[in-house]
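Number of protein chains: 2
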Amino acid sequence: MALYTATSLKSELNERGWRLTPQRETILQVFQNLPKAKHLSAEELYHLLQGEGENISLSTIYRTLKLMARMGILRELELAEGHKHYELNQPYPHHHHHLICVRCNKTIEFKNDSILKTGTKTAQKEGYHLLDCQLTIHAVCPTCQRALLPI
Amino acid sequence: MALYTATSLKSELNERGWRLTPQRETILQVFQNLPKAKHLSAEELYHLLQGEGENISLSTIYRTLKLMARMGILRELELAEGHKHYELNQPYPHHHHHLICVRCNKTIEFKNDSILKTGTKTAQKEGYHLLDCQLTIHAVCPTCQRALLPI
DNA sequence: TCTTTAATGAGAATGATACACAATCAATTC
DNA sequence: GAATTGATTGTGTATCATTCTCATTAAAGA
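Residue numbers (the working numbering), protein chains in the order written: chain Z, 4 to 154; chain S, 4 to 154.
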């Protein structure tokens, strides 16, 4: 959960015998320039890049997102749309969680410092190296509660 | 997050103009008789039922799992195997969370009462009706930390 | 018992993601 | 700074979980 620059990404990759490519650097930049509380799916990232004239293939996008999630650079969010979303994995005080309406998929972000502490402590106790920790609340929003019928 | 019997399931379904079918009752029973800390994927449930001579179609299984998750009877877990898992959504003191190794997918369950409190409070504050609340920790287990190379 | 319509089963369709492999190019070595 | 090595990319294809379609069946209420 650190802030990455192209340089620090490069050294972390090289440490493992891997490489910093223009594609990886570009994708990191996109996430760093994304408005707070904004997350992207693979497909959304692909089209966003296309719009900027950056032709990075879908395969590379999927590979890079997975790689960066496993490095702890990105968080992989399982919201409710049937595909994963990704966002920068930021430390306190930007770390946050998600409240999702299971009917309309509306998502609210919220912060709670004690959760990250709990996650850190739990991982530590088991000897795990923490990458990400997210509280996901599934619920029914006020609007959907009123619209009685459809589950 | 209540405990369900066939009868309470039936009345909750009927309230909405829906029906309790033998298939739904059977599936609820399977989860109720499952050992603690055990969860099932759709496919696993399908084969488990086959083994017991219960021929419930995969379609029905998928539909029922989704339905029960949206009713708050089951929790939908996004572990690391590329498909969802389901388990009974149990209240305190059985409520628990998951610590997952992103490399080998090993999963540990852990309890923490304050998280459910946080989730309840957060949902309430926003006027949401809580169904489930799970803290998911992504990390690297001790074994995979030692096996340096593969991410 | 009859009527209504939700639910099921079987198979086909969808769609997110992974894979295969030849071509490319980042990092390292000399 | 040219050569070498093997990680990475792009294209197309494959996979696999999940959803959909639709004819048939059967709960629930009258």
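The beta-carbon is built from N, C-alpha and C at its ideal position, and this holds for glycine as well.
{"Query": "Beta-carbon proximity of residue 131(Z) to residue 142(S), cut-off 8 angstroms", "Result": "yes"}
{"Query": "Short CB-CB distance (under 8 angstroms) between residue 116(Z) and chain S", "Result": "no"}
{"Query": "Cβ shell of residue 75(S) (< 7 angstroms), same chain only, five flanking positions each side left out", "Result": "4, 92, 134, 135"}
{"Query": "Neighbour-count burial assignment, residue 121(Z), 16 or more Cβ in a 10 Å radius", "Result": "buried"}
{"Query": "Residue 93(Z), DSSP secondary structure in three states", "Result": "coil"}
{"Query": "Chain-ordered neighbours of residue 99(Z) on chain S, where CB pairs are closer than 8 angstroms", "Result": "Correct list: empty, because the minimum Cβ distance to chain S is about 11 angstroms."}
{"Query": "Continuous beta strand (DSSP E) stretch holding residue 138(S): start and end", "Result": "132–143"}
{"Query": "Check whether residue 88(Z) and residue 42(Z) have beta carbons under 8 angstroms apart", "Result": "yes"}
{"Query": "beta-carbon residue 132(S) near the ligand NAD non-hydrogen atom, thresh 7 angstroms", "Result": "Looking for the ligand NAD in the displayed structure turns up nothing, as the structure carries no ligands at all."}
{"Query": "Residue 140(S) vs residue 126(Z) beta-carbon contact at 8 angstroms", "Result": "yes"}
{"Query": "CA nearest to the CA of residue 25(Z), picked from 77(Z), 9(Z), 18(Z), 36(Z)", "Result": "9(Z)"}
{"Query": "Cβ pair residue 67(Z), residue 30(Z) closer than 8 angstroms", "Result": "yes"}
{"Query": "Chain S within 8 angstroms of residue 138(Z), Cβ atoms only", "Result": "yes"}
{"Query": "Buried or exposed (CB count within 10 angstroms, at least 16 for buried), residue 149(Z)", "Result": "exposed"}
{"Query": "Residues bridged to residue 30(Z) [DSSP beta-bridge criterion]", "Result": "According to DSSP, which records beta bridges pairwise, residue 30(Z) is partnered with nothing at all."}
{"Query": "Three-way DSSP call (helix, strand, coil) for residue 107(S) in this model", "Result": "coil"}
{"Query": "Within 7 angstroms of chain S by C-beta, residues of the region 122–147 of chain Z in sequence order", "Result": "122, 125, 126, 129, 130, 131, 132, 133, 134, 135, 136, 137, 138, 139, 140, 141, 142, 143, 144, 145"}
{"Query": "Residue 18(S), enclosing alpha helix (DSSP H) - first and last residue", "Result": "9–18"}
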